[in-house]
Every structure is written in C-alpha cells, then in structure tokens.
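Residue numbers (this note's numbering), protein chains in the order written: chain A, 211 to 323; chain B, 467 to 587; chain C, 34 to 550. Worksheet: the structure to be examined is printed underneath.
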Amino acid sequence: MSFTLLSGSGFWNPLLWLALLVFFALIGYIIYSRGNPSYKPNTDQVMPFLSGNVEPSKEKVQVKAGDIYWGFVEALKGYYKVLTAIHTGDMRDYILWYLGVGSIILFLLVGGA
Amino acid sequence: MNVLTNFPFIVVALLLAIGFYTIGFKKNLIKIVIGIEIIEGAVNLFLVALGYVKGAYVPIYTLAPKEAAEVNKMVLPTPQALTLTSIVIGVAVTALMLAFAVNIYRHYGTLDVRNIRRLRG
Amino acid sequence: MIEHLPALVIAIPLFGAFITPLFRKRYNLAALWAILISGLTLVLVLLLEYQVLTKGMMIYVFGADKPTLVLPSGYRVPIRIMFQVDGIGAFMAISAGLMSFVGAVYSYSHLQKETGLEKYYTLLLLLTAGILGMVLTGDLFNLFVFLEIASIAGSALVGFRNYRGEASEAGIKYLIVSSVASLMVLFAVGILYGQYGHLNLAYLSKQITFNPLDMIALGLLFTSFAMKCGSVPMHYWVPDAYTEVPSGINPPLLVSTYASLYALFRVSFTLFGKITIDMATVGWIMSILGVLTMFIGVTMALVQKDVKRLMSYHAISQTGYMLLGVGVGLTVFHDKQALIEFGRTAMAGGVFHIINHIIYKSLLLLTAGALFYVTGTRNLNEMGGLARKMPITTISFMVGAAAISGIPPFNGFASKFLIYEAVYKLNPLLAIFAMVTSILTLASFVKVFASAFLGPPLEKYEKVREVPKPMIVAMVILAALCVLFGLFPDFVLDKIVYPAVDALINFIQYQSWGGLA
C-alpha cells in the first residue's frame with residue numbers, strides 16, 4: 211500500500227506531512243518552554259484588566275455568530291444585496307430560474323455555439 | 467394533413483406552455499399543483515402520441531393476424547406502458563403535494579406562495 | 034447467487050421498506066430492522082463493487098440471461114429492462130449503502146421523541162432503493178422511475194416533521210422542483226424513444242446522431258439533472274430541504290442529490306458520448322456552472338445564522354468542485370493527449386470528491402443534528418461553549434470542518450489537491466476560484482466552531498450532556514473514514530475512483546455490454 215498520491219505535476223504524502231507536523235510542533239514547544247517564567251495560573255494575574263470595572267457575565271461577553279465577519283459582510287454589502295434579492299424563497303422563482311437556465315443551455319447546444 | 471398528424475404535438479407544446487405559465491406566475495399553491503399536473507398531462511400525451519402508428523394492430527393479441535408481422539403493422543406497447551407508469555407516479559406526487567398544501571395552510575393560514583417563504587436567504 | 038447481486042441490491046431495501054410498516058408503534062424494532070436491512074444492503078453493495086472490480090462490468094437482464102437474447106427471428110435489439118453496473122455505478126452504490134446505514138444508526142436515538150417512526154424508516158429504505166436503482170440501471174425509463182421514487186421518498190422525509198409548517202414548505206418546494214425536473218427527463222426520454230424506438234442506455238448511445246432533436250434531449254436532461262444536483266442558479270431548493278429534513282436523513286438525501294449528479298455525468302459521457310466527444314461546449318457549460326456553484330454557494334454560506342442552512346450552502350459549493358473537476362475532463366474529452374495529461378486526473382479529483390464530500394458533509398450535518406438534539410435550536414447566535422460538554426461531537430466536527438476546508442491530512446484535501454493541479458492546466462483562473470472558495474469555506478467553519486463550541490459556557494446549557502451512543506457511533510464511523518481516506522488516498526483512488534473514471538471515459542465499452550453483444 212503506497213501513501214504517495216501523484217497528480218501529474220506534484221505529489222502528496224501524508225506521512226511526510228505528519229513528520230513535518232511533528233517537527234514544527236517540536237519547534238513550537240521549544241519556543242513555548244522558553245516563555246515568561248513569572249506567569250502564574252490561578253492568581254489575579256490571569257484576570258482581564260478592565261480599569262477596575264466588574265467583569266461582565268459570560269453571556270454578555272460571548273461573541274455571537276452574527277457578529278463574526280461583520281467587516282467582511284459590510285465591505286461586500288453591494289454583492290450581498292444582490293444575492294439576498296435573488297434568494298427570494300418563492301417557489302415559483304425556482305422553476306423560472308430552471309426555465310431561464312434551460313433555455314440558455316438549449317440555445318447554446320442547438321444554436322451551435 | 468401535416469397539421470393533423472402533428473396536432474397532438476402542437477397540443478403538447480401548448481400544454482407545456484400553459485403548465486409552465488401556471489407554475490411560474492400563479493399565486494395560489496393549489497394552482498401551482500394544477501400546473502404540474504398540466505405538464506404531467508402534456509408529457510403523457512406526448513408519450514401516447516409517439517406510440518401511435520396509423521392503421522396498425524393493437525398489441526393485445528395472443529395469435530395476431532399474419533400481416534401484423536410486417537414492419538409498422540403492429541403498435542409497440544412500450545409507450546402505453548410508460549404512460550401508465552408515469553400516471554401512477556403522477557398520482558403519488560399529486561397526493562403528496564396536496565397533503566403538503568393542506569399542512570401548509572394549517573400552519574401558515576394562507577395558500578399564497580408570496581407568503582409561504584419563511585425559508586429564504 | 035453472485036450473478037443476481039444487482040437485482041438483490043434493489044430487492045432487499047424494497048422488501049425491507051414494505052415490511053417496516055408492520056412494526057407499528059414498536060419504534061425501536063422498526064429502527065433495528067432498518068439498521069439490519071441497510072447493513073445487509075451495505076454488505077451486498079461492497080460485494081457488488083468487488084465483483085465489478087475483479088470481473089468487469091456486470092449486466093443483469095430481467096427475464097433473460099443475456100442482453101442480446103431477444104426474439105427467435107434474430108431481431109437483435111434489447112427490449113428488456115437491464116441493470117448495467119460499471120465502475121461509477123458501483124462507486125455511487127457504495128456511497129448510498131454506507132450512508133443509508135449511517136443514517137439509520139443515527140436515527141435510532143436522534144428521533145426518540147417523534148412519532149410515526151415506522152413510516153420514517155419505510156421511507157428511508159425506499160429512498161435507498163431509489164438511489165441504488167438510479168445508479169445501477171441501464172435503462173432510461175427505469176432511471177426516471179427510480180428518480181421519482183427517490184424524489185417522492187425524499188420529499189416525504191423532508192416534510193416528516195409535520196408539526197412544523199416550515200418542514201412542509203421545504204417538502205413541497207423539493208417535490209415541485211423534483212417533479213418538474215423528472216417530467217422534463219421523461220419528456221427527453223420520449224424524444225429519444227420517438228426517434229430510435231429504444232430505451233436502453235447503451236443501445237441508444239450507439240444510435241445517437243448530431244441532430245437538433247438529440248440536442249434538445251441533451252439540453253433537457255442536462256438542465257434537469259443539474260437542477261436536481263443543486264447547481265447554481267437552480268440551487269434554491271437545497272438549503273430548504275437539507276435544513277428541514279431530520280438529521281438522520283441528511284446522509285441518504287445527500288447521496289440522492291449526487292445520484293442526480295451521477296445521472297448528469299452518465300448522460301453527458303455515456304448517452305451523448307458521441308456528441309460530447311466532438312463538442313467542448315458541454316464541458317465548458319459544466320465547468321462554468323461548477324465555478325458559479327462553488328463561489329455563490331460559499332459566499333451565501335458565510336452569512337448564514339442557521340447551522341444546518343450554512344452547511345447546506347456548503348453542500349452546494351462543494352458540488353461545484355465535482356462539476357468543475359468532471360467538467361474539465363469533459364472539455365478535453367475529444368483531445369486524447371490532454372485527457373491523459375490532466376483530464377483524467379481532474380475527473381478523478383471530481384469523482385473522488387463525491388465520496389469525500391458525502392462522508393464529511395454527512396458528518397458535519399450529523400454534528401449539526403447533535404447540536405440541535407442537545408440545544409433544541411439551530412440558530413448559531415444562541416449556541417456557545419459546548420466543546421467541553423460534548424467532546425466527541427466537537428472532535429468529529431473538527432475533523433469534518435478540516436476535511437471540507439481541504440486541510441491535510443483529511444480526505445477533502447486529497448481530492449481538492451487533484452482538482453487544483455489538474456484544473457490549473459486547463460485554465461488558471463478556474464483553479465484560483467477553487468482555492469478562494471476553499472479559503473472562504475474554512476472561514477465559515479471557523480465561524481461555526483467559534484460560535485457553537487468555543488466561547489464561555491452558557492448558563493442555559495449547563496445540564497447538557499454528550500449525545501446518545503448510536504449517534505456517536507454514526508459520527509465516529511464517518512470521522513474515521515475521513516481520516517482513513519485522507520491517509521490512504523492512493524489506495525482509494527486505485528481501487529474505486531479510477532475504475533469509476535475509466536468507466537465514464539470508455540463509453541465504447543459501455544455500449545458493448547461488456548463484450549456480450
């Protein structure tokens with residue numbers, strides 16, 4: 211049983227990849243082990259610094275799914291406006307799109323493009 | 467003459483157009499189901515019309531007359547079999563669609579497809 | 034016994050389906066029965082694949098022992114219904130058998146609170162029979178019948194939770210789309226029958242000529258199957274149906290979508306092989322649909338808040354990879370050298386991606402079902418901090434998410450790697466689109482992971498525990514397959530993928546009924 215996968219212009223070997231993963235994990239561990247020795251878990255040191263304010267409850271500090279990638283969606287607002295306008299959820303549109311695409315494909319095939 | 471032989475196919479084209487128009491532009495869910503039924507009818511008519519051979523024998527003989535063995539003297543039973551199967555399937559589809567329509571009416575209180583779109587985006 | 038395998042593969046789930054209603058109100062028994070039957074089907078399907086690999090194409094004729102045996106007068110045309118199982122058919126059959134088994138195991142505890150389960154399992158087995166019939170048959174009309182069986186069973190399952198209006202809405206949308214598509218398939222079959230007087234795929238593909246009627250039939254079949262496999266811009270039914278269906282049905286429903294994709298490939302490569310071999314247009318249409326599907330699917334997924342809806346948009350986007358990979362192969366179908374150089378690899382990537390995608394997307398949808406099971410919601414905004422409560426689900430989700438984003442060493446990487454490298458040689462722009470899609474996929478799964486599993490533990494989910502054992506078993510099977518297929522891609526490619534690709538390319542061999550005619 212061989213592990214190597216050939217694609218014609220390159221190859222892929224999971225074993226080699228795993229070996230590299232172990233190697234880089236080792237490097238990571240070395241960097242980690244030389245970290246700041248004054249860090250102590252389970253003390254006040256690990257609390258977030260909020261200028262003396264009380265830490266809000268967990269539910270409040272959770273980042274909601276809708277807020278992740280807010281900037282991305284904001285930047286592509288125009289694109290998403292078009293996309294949501296297309297996704298009407300109206301079942302008649304499903305069939306109309308089918309007719310549209312079908313006639314384009316038929317035109318390309320029969321019209322001999 | 468040509469129009470007469472092609473008459474079933476003209477009807478098929480008309481029915482297809484009416485069916486797709488009904489599905490695409492009517493607002494009532496039941497009418498959309500009817501539209502699908504019209505397309506179903508068009509396709510069935512198409513199949514039956516394909517199987518028609520003028521002046522040939524029907525394929526229900528055990529001992530067919532001699533001249534039935536000649537080319538184009540016997541109608542092939544396949545299109546009829548296809549149509550029957552397709553009708554049976556069509557009934558199942560219609561029943562299921564109408565059952566869904568009833569359930570949708572129960573939950574949404576309407577059959578207007580412009581309002582039956584809680585799933586979108 | 035062995036020579037009756039193709040018929041048995043259909044007969045056993047059908048038999049199981051019609052026995053299941055007898056287990057009225059004994060839901061556990063019905064579930065065990067469905068697991069037993071789908072397990073048996075899986076074993077038979079594996080045997081079938083073994084047969085096809087060792088002995089070549091299998092022909093099973095209903096009512097005769099040879100496809101050419103017809104009339105005493107020597108009129109040599111196929112008039113019987115026959116099953117013609119070649120590499121790609123057996124490949125799809127494995128996916129179907131595996132996924133209906135996993136779905137049945139998962140449903141055992143996922144649906145404990147629901148009623149009417151004997152009907153649920155009946156429909157599950159019917160759906161399996163429909164898919165298997167679609168991928169094994171060698172007869173166009175039979176293809177239509179099995180397509181309809183799969184659509185009816187599938188849409189009934191989509192609307193299974195009839196106490197939810199949304200489920201019925203999704204059900205009727207799926208049913209309308211499928212019935213229009215299958216009626217147009219029947220219309221195209223009628224066109225072909227009217228011209229050539231036959232329904233047999235292999236025989237028809239020999240007769241096909243370059244006339245407008247055949248082109249219309251090709252266009253109708255192509256568009257209908259493209260809609261049924263959820264290619265953009267006819268994909269709207271996919272998120273609706275996948276979201277509302279009970280999670281245990283997601284795996285078989287996914288396979289039924291890809292059975293339509295298989296039919297699309299079968300139509301373009303085998304049935305119209307004589308046309309597509311001279312016409313690169315069909316291949317280009319398929320590739321462009323693939324790129325559109327990939328890109329629009331993934332960008333829509335990024336903004337979803339419903340976890341299953343997000344994953345369904347990814348299912349659309351991944352379908353694009355398959356269309357692209359196989360479409361590139363179809364584009365260079367006429368060019369022997371390009372086909373050997375990169376066309377075959379691209380197709381292998383596309384076909385390999387089908388089974389990989391079925392495995393990891395089922396895994397992801399099952400984990401989404403597990404989230405729904407414990408939290409009672411599918412809204413990502415309301416989830417959070419579930420990683421510590423459900424460790425096995427979390428790990429399965431991570432494996433699935435890594436696989437779908439193409440992170441090595443999981444299975445998604447192997448097939449995407451082949452697609453990128455081969456597609457690049459046809460047109461670099463296509464490969465760039467494929468890579469951007471992959472990055473966006475990773476981004477949106479990071480979103481799911483961060484919002485559902487990470488974050489501070491929420492008070493409302495304090496009592497949440499890991500999901501029951503059968504659900505875990507189903508997820509672990511799929512996660513293990515993800516890793517195995519990723520570690521031994523070469524083995525899988527050699528054993529099942531390349532035979533499937535070669536079965537598509539060598540349509541001459543299909544026409545000869547494996548040398549029997």
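Note that CB positions come from ideal geometry on N, CA and C, so glycine has one too. All figures in this text were calculated on a predicted structure; none of them were measured in a lab.
Who does residue i pair with in a DSSP beta bridge?
i	result
residue 170(C)	116(C)
residue 473(C)	DSSP, once it has assigned bridges, lists no residue as partnering residue 473(C).
residue 412(C)	339(C)
residue 233(C)	172(C)
Mapping DSSP to helix, strand and coil, what is residue i?
i	result
residue 523(B)	strand
residue 221(A)	strand
residue 215(A)	strand
residue 300(A)	coil
residue 34(C)	coil
residue 578(B)	strand
residue 540(B)	strand
residue 262(C)	coil
residue 312(C)	coil
residue 330(C)	helix
residue 424(C)	helix
residue 530(B)	coil
residue 253(A)	coil
residue 359(C)	helix
residue 512(C)	helix
residue 499(C)	coil
residue 98(C)	coil
Do you know offhand how far residue i's Cα is from residue j's?
i	j	result
residue 428(C)	residue 189(C)	32 Å
residue 305(A)	residue 529(C)	36 Å
residue 485(C)	residue 306(C)	47 Å
residue 181(C)	residue 494(B)	25 Å
residue 351(C)	residue 296(A)	20 Å
residue 572(B)	residue 511(C)	39 Å
residue 44(C)	residue 77(C)	11 Å
residue 98(C)	residue 492(B)	51 Å
residue 584(B)	residue 339(C)	13 Å
residue 303(A)	residue 128(C)	32 Å
residue 534(B)	residue 542(B)	11 Å
residue 276(A)	residue 58(C)	42 Å
residue 48(C)	residue 283(A)	51 Å
residue 270(A)	residue 415(C)	12 Å
residue 141(C)	residue 187(C)	18 Å
residue 243(A)	residue 259(A)	25 Å
residue 402(C)	residue 508(C)	11 Å
residue 226(A)	residue 443(C)	14 Å
residue 236(C)	residue 34(C)	27 Å
residue 543(C)	residue 529(B)	37 Å
Locate the beta strand (DSSP E) running through residue i, then write down its first and last residues.
i	result
residue 94(C)	91 to 94
Within the continuous alpha helix (DSSP H) that includes residue i, where are the two ends?
i	result
residue 515(B)	495 to 517
residue 444(C)	444 to 459
residue 82(C)	60 to 88
residue 468(B)	468 to 491
residue 292(C)	283 to 298
residue 524(C)	522 to 525
residue 271(C)	270 to 277
residue 541(C)	540 to 544
residue 285(A)	280 to 285
residue 268(A)	268 to 271
May I ask you to list, following chain order, the residues of the segment 428 to 456 of chain C that have a beta carbon less than 7 Å from some beta carbon of chain A?
-> Taking 7 Å as the Cβ-Cβ cut-off against chain A, the residues of the segment 428 to 456 of chain C that qualify are 441, 442, 447, 450, 451, 454, 455.
Identify each residue in the segment 520 to 532 of chain B for which the Cβ-Cβ distance to at least one residue of chain C is less than 8 Å, and report them in chain order.
-> Flagged: no residues at all.
Residues within the segment 484 to 501 of chain B neighbouring chain A, beta-carbon criterion of under 9 Å | So the list reads 486, 489, 490, 491, 492, 493, 495, 498, 501, given in the order they occur along the chain.
Below 8 Å between beta carbons is the criterion; list the residues of the segment 265 to 277 of chain A that meet it against any residue of chain C, in chain order.
-> Residues passing the 8 Å Cβ filter: 268, 269, 271, 272, 273, 274, 275, 276.
Using a Cβ cut-off of 8 Å, which residues of the segment 239 to 258 of chain A contact any Cβ in chain C, in chain order?
-> Within the segment 239 to 258 of chain A, no residue has a Cβ that lies closer than 8 Å to any Cβ of chain C.
Listed from N- to C-terminal order along the chain, which residues in the segment 193 to 214 of chain C have their beta-carbon within a distance smaller than 8 Å of any beta-carbon of chain B?
-> Against chain B - using a Cβ distance shorter than 8 Å - the residues of the segment 193 to 214 of chain C are 195, 197, 198, 199, 201, 202, 203, 204, 205, 206, 208, 209, 212, 213.
Please name the residues in the segment 297 to 314 of chain A whose beta-carbon is closer than 7 Å to at least one beta-carbon of chain B, in chain order.
-> If the cut-off is 7 Å between Cβ atoms, the segment 297 to 314 of chain A has 297, 298, 299, 300, 301, 302, 305, 306, 309 near chain B.
Closer than 7 Å, Cβ to Cβ, to anything on chain A: give me those residues from the segment 294 to 327 of chain C, in chain order.
-> Of all residues in the segment 294 to 327 of chain C, those with a C-beta nearer than 7 Å to a C-beta of chain A are 314, 318, reading in chain order.
Contact residues within the segment 219 to 239 of chain A, judged by C-beta distance below 8 Å to chain C | Those would be 219, 220, 222, 224, 227, 228, in chain order.
Pull out every residue of the segment 258 to 271 of chain C whose Cβ sits closer than 7 Å to any Cβ of chain A, in chain order.
-> Result list: 260, 266, 267, 269, 270.
Just by C-beta distance, which residues in the segment 573 to 587 of chain B are closer than 7 Å to chain C?
-> Residues passing the 7 Å Cβ filter: 573, 574, 582, 584, 585.
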